[in-house]
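Each protein sequence line maps, in turn, to chains C and A. In short: position in the first sequence from 1, add 418, done, that's our numbering. In short: position in the second sequence from 1, add 11, done, that's our numbering. The next block holds one structure in the form of structure tokens; read it before the comments.
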Amino acid sequence: MYKILRKEFLNPITCLMEVEAPRVARAAKPGQFLIVRATSDGERVPLTVCDYDRDKGTVTIVIQIIGASSRIICSLEEGSCMADVVGPLGQPSEFTHQSIEQIKGERYIFIAGGLGVAPVYPQAKYLHDLGAKVDIIIGAKNSELLILKEEMAAVCDNLYICTDDGSAGEKGLVTEMLAKLVEGGEKYTQAIAIGPMIMMKFVTLTAKKYDLPLVVSLNTLMVDGTGMCGACRVTIGGKTKFACVDGPEFDAYLVDFDEAMRRQGMYRTQESERDHKCKIGIGK
Amino acid sequence: MANKISRVPVREQDPKLRATNFDEVSFGYNREEAMLEASRCLNCKKPACMTACPVSVKIPFFIQKVAEGDFKEAARIISIDSSLPAVCGRVCPQESQCEGSCVLGVKGEPVAIGKLERYVADWSRENGVKFTDKAPANGVKIAVAGSGPAGLACASDLAKMGYDVTIFEGLHKAGGVLEYGIPEFRLPKEKVVAAEVANVKALGVKIETNVVVGRTVTVDELFDQEGFKAVFIAQGAGFPKFMNIPGENLNGVVSANEFLTRNNLMQAYKADSQTPIYVGESVCVVGGGNVAMDAARTALRLGAKSVKIVYRRTEKELPARAEEVHHAKEEGVEFCFLTNPVEVTADDKGWVKGLKCEKMQLGEADASGRRSPEPTGEFIEIETNTVIMSLGTVPNPLIAATTPGLERNRKGGIDATDDGVTSRKGVFAGGDAVTGAATVILAMGAGRKAAKTIDEYIKSLK
Chain C
419 MYKILRKEFL NPITCLMEVE APRVARAAKP GQFLIVRATS DGERVPLTVC DYDRDKGTVT
479 IVIQIIGASS RIICSLEEGS CMADVVGPLG QPSEFTHQSI EQIKGERYIF IAGGLGVAPV
539 YPQAKYLHDL GAKVDIIIGA KNSELLILKE EMAAVCDNLY ICTDDGSAGE KGLVTEMLAK
599 LVEGGEKYTQ AIAIGPMIMM KFVTLTAKKY DLPLVVSLNT LMVDGTGMCG ACRVTIGGKT
659 KFACVDGPEF DAYLVDFDEA MRRQGMYRTQ ESERDHKCKI GIGK
Chain A
12 MANKISRVPV REQDPKLRAT NFDEVSFGYN REEAMLEASR CLNCKKPACM TACPVSVKIP
72 FFIQKVAEGD FKEAARIISI DSSLPAVCGR VCPQESQCEG SCVLGVKGEP VAIGKLERYV
132 ADWSRENGVK FTDKAPANGV KIAVAGSGPA GLACASDLAK MGYDVTIFEG LHKAGGVLEY
192 GIPEFRLPKE KVVAAEVANV KALGVKIETN VVVGRTVTVD ELFDQEGFKA VFIAQGAGFP
252 KFMNIPGENL NGVVSANEFL TRNNLMQAYK ADSQTPIYVG ESVCVVGGGN VAMDAARTAL
312 RLGAKSVKIV YRRTEKELPA RAEEVHHAKE EGVEFCFLTN PVEVTADDKG WVKGLKCEKM
372 QLGEADASGR RSPEPTGEFI EIETNTVIMS LGTVPNPLIA ATTPGLERNR KGGIDATDDG
432 VTSRKGVFAG GDAVTGAATV ILAMGAGRKA AKTIDEYIKS LK
């Protein structure tokens with residue numbers, strides 16, 4: 419079960435894996451996520467679905483090494499198995515409920531930051547395949563951290579790249595690129611931003627200037643991912659929602675980003691300590 | 012006479028010591044203690060204990076065998092009606108069921124039925140005794156969604172009748188609330204839960220983990236694509252409730268479900284676990300049920316210096332079992348009664364600093380007979396680093412939302428009769444998924460009833 423059929427490092431800290439998970443592959447839709455456990459004593463790690471192949475029964479995930487659990491996942495070899503893969507979880511993207519005519523009438527702009535490229539890919543692919551007009555902005559720190567460039571180019575009409583240091587594409591932030599495009603006359607009707615919480619917050623501020631409808635995908639903390647724990651609580655329009663079952667995608671203008679960012683850091687101290695020593699001082 | 016012997020006390024870990032470890036609190040009876048306690052049973056002609064048991068275990072019959080020292084036969088008698096005796100012997104509210112109906116309890120102490128059941132179940136596990144008698148296979152496929160008490164009970168009854176049963180579990184481990192909810196010190200996971208799940212599997216039941224019915228596969232797909240003839244929905248009541256008070260999303264506020272799932276299912280209490288858990292120096296647990304007691308006692312064991320249960324009524328109204336409240340007190344959990352949280356206060360970094368509460372007083376009894384708490388206008392603030400919300404849970408709406416024709420009841424659960432019949436042909440439901448949060452044994456009872464209904468339904472198709 420959950421055999422890793424392909425493993426590829428996209429850069430030194432980002433790993434792509436194609437994993438056997440026929441049930442997930444059969445049911446997955448753009449916008450949804452899954453949860454993996456590398457080993458039988460591992461943490462449940464929520465990851466976005468980058469791609470799925472229903473015939474092969476595989477899902478593709480992209481993981482960035484940011485802590486102990488992601489390091490363990492990325493250390494699994496091609497041909498070995500993950501302990502668990504469960505999904506798809508969460509609500510599919512809103513546009514998956516729309517008719518082809520509706521979709522064709524829209525002009526989409528995706529803003530993908532860092533690892534956010536991975537979840538944007540299946541969405542852009544879905545829309546592009548249906549004949550929608552799709553533009554994509556990818557933002558990365560530098561050219562080395564830029565991932566899936568060719569893949570993304572194949573599922574959109576225009577691909578815009580910007581990096582913090584100008585080592586690929588234009589030097590600058592995704593928000594600047596978005597502003598430039600809109601002010602240059604591009605008439606987008608729907609924007610979707612996926613990336614670090616701080617990026618999504620600023621994209622929201624930018625999009626607001628242009629009255630551009632914007633959806634964001636919130637990568638909150640989660641344990642079960644099915645609505646049981648509430649670790650993923652976010653405030654949407656003043657109401658508490660669970661990102662795992664009500665989301666992960668929400669109307670960006672309703673999201674309390676500051677709270678969401680604070681909540682993401684709830685276990686940060688322990689997690690950084692865990693990388694070198696025991697977590698909470700028990701079992702001494 | 013036998014009934015002159017007083018109830019044999021059960022040995023327990025010292026409260027001070029056990030508040031620092033996750034080992035089981037109760038040691039249970041040994042052979043001599045079990046036989047002595049069993050000898051107290053009057054073997055009533057009309058055993059009220061049996062009627063009071065939601066799964067109708069033949070209580071006096073197994074107890075007679077314990078008194079004779081024939082534990083294997085005692086285990087066989089229990090196995091006819093219960094697939095999880097080592098679990099039930101530990102977590103059933105016997106005081107309001109079997110033991111609450113025991114004739115000896117009228118003037119003295121009832122027979123310790125729960126402890127005897129536990130002894131027999133532990134004995135048969137330790138001695139490798141398994142009961143796998145079942146009817147010849149009939150080849151009819153039945154799907155069960157959820158591997159908690161209701162699902163396991165239903166699946167094992169159906170397997171005994173010869174059905175080809177597959178349980179689909181959303182989490183990575185089978186057991187449902189037995190795994191994620193009830194802590195190790197009340198219900199050991201490897202020794203007890205995993206062993207009883209293995210017994211269910213030994214009957215031929217298949218368990219597929221990591222399948223969230225309603226997401227990974229829909230009920231319709233189970234019928235149309237996978238050839239199942241009936242589906243039993245037993246996904247429990249996993250959705251935690253919050254109070255909707257200011258500050259509830261601060262860092263340091265968690266649901267009891269999250270806290271316990273991290274600790275139990277994800278084993279965060281073990282030094283080598285990858286899953287983090289947060290417990291500050293002082294902890295407030297809001298609520299008064301068994302789950303609140305579990306969370307409070309877990310917080311103590313994780314090293315909290317002060318743990319308080321904050322409850323808006325009085326001790327008398329606590330919904331938790333008396334034994335759990337007693338254990339919590341012994342271990343050092345404090346109780347703040349007639350105290351109702353109105354706000355969680357924060358430090359300048361957005362972490363919990365305190366719990367602002369209003370003092371309450373008891374008013375008139377409401378329709379259910381419980382006296383309702385009324386506000387007094389007097390407020391206090393309890394300093395705390397962690398707030399654990401333990402206000403109960405409601406059924407997860409997922410399956411109902413993804414299964415056309417499946418009606419929901421007023422509690423948000425699936426609308427089903429006592430026998431498990433829903434608004435959709437071939438779909439049955441039971442346990443917390445129907446009733447909202449209740450007990451392990453009531454869920455098992457619902458699972459058994461549904462198994463009988465499903466059998467009748469399948470036979471009616473032919």
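Heads up, the beta-carbon is just placed ideally off N, CA and C, and yes, glycines get one too.
Cβ of residue i within 9 Å of any chain A Cβ
i      : result
C:V442 : yes
C:D502 : yes
C:Y470 : no
C:V633 : no
C:K697 : The predicted model places C:K697 with a pLDDT of 43, which falls under 50 and marks its position as unreliable; any figure quoted below should be read in that light. Output row for C:K697: interface = yes.
C:P540 : no
C:R424 : no
C:R525 : no
Bridge partners - residue i, DSSP secondary structure assignment
i      : result
A:P384 : A:L373
C:T476 : C:E438, C:D471
C:R424 : C:E436
C:L507 : C:F451
C:S635 : C:E667
A:R419 : A:I425
A:L163 : According to DSSP, A:L163 bridges with nothing at all.
C:Q608 : C:Y526
Residue-level contact to chain C via CB, residue i, 9 Å cutoff
i      : result
A:E35  : no
A:R29  : no
A:S266 : yes
A:S284 : yes
A:A454 : no
A:F234 : no
A:N301 : no
A:Q278 : yes
A:G181 : yes
A:E23  : no
A:V297 : no
Alpha-carbon spacing of residue i relative to residue j, whole angstroms
i      : j      : result
A:E335 : A:N407 : 27 Å
A:A267 : A:G100 : 24 Å
C:P430 : C:K559 : 14 Å
A:Q24  : A:S158 : 31 Å
C:V480 : C:L434 : 4 Å
A:P352 : A:R29  : 30 Å
A:F72  : A:M371 : 49 Å
A:L402 : A:G181 : 23 Å
A:V117 : A:L53  : 13 Å
A:V242 : C:F660 : 28 Å
A:T227 : A:L95  : 28 Å
C:P540 : C:V454 : 19 Å
A:S284 : A:Q236 : 39 Å
A:A209 : C:I612 : 43 Å
A:K281 : C:G460 : 12 Å
C:K702 : A:L261 : With a pLDDT of only 33 at C:K702, under the threshold of 50, the placement of this residue in the model should not be trusted, and no figure is reported.
A:A315 : A:R197 : 19 Å
Interface residues of chain C facing residue i [CB-CB closer than 8 Å]
i      : result
A:L402 : Going along chain C, no residue has its Cβ under 8 Å from A:L402, so there is no contact; the nearest lies around 11 Å.
A:R419 : Near A:R419 there are no residues of chain C at all, since even the closest Cβ is about 15 Å away, more than 8 Å.
A:T227 : R441, V442, A445, V504, G505, P506
A:V222 : R441, V504
Neighbour list for residue i in chain A, Cβ cutoff strictly below 8 Å
i      : result
C:C580 : Under the 8 Å cutoff, chain A gives no residues; its nearest Cβ is about 31 Å from C:C580.
C:S517 : Those within 8 Å of C:S517 in chain A number zero; the least Cβ separation is about 20 Å.
Top-ranked residue by Cα proximity to residue i, from the options
i      : options                        : result
A:N274 : A:D305, A:A245, A:H337         : A:D305
C:S511 : C:I529, C:L533, C:F451, C:L465 : C:F451
Cutoff 9 Å: residue i Cβ touching any chain D Cβ
i      : result
A:R101 : In summary, chain D is missing from the structure at hand, where the protein chains are C and A.
Per-residue contacts from residue i into chain A (C-beta, under 9 Å)
i      : result
C:P510 : Under the 9 Å cutoff, chain A gives no residues; its nearest Cβ is about 10 Å from C:P510.
C:G645 : G249, F250, P251, N407, P408, L409
C:D473 : None at all; the shortest Cβ gap to chain A is about 16 Å.
C:E461 : M277, S284, Q285, T286, P287
C:T432 : Residues of chain A passing the Cβ test: none, with the nearest at roughly 20 Å.
Chain-ordered chain C contacts of residue i [CB-CB under 9 Å]
i      : result
A:N274 : Under the 9 Å cutoff, chain C gives no residues; its nearest Cβ is about 11 Å from A:N274.
Partners in chain C for residue i, counting only beta-carbon separations shorter than 7 Å
i      : result
A:G361 : R680
Listed by chain order, chain A residues near residue i by CB distance under 7 Å
i      : result
C:D642 : L182, T272
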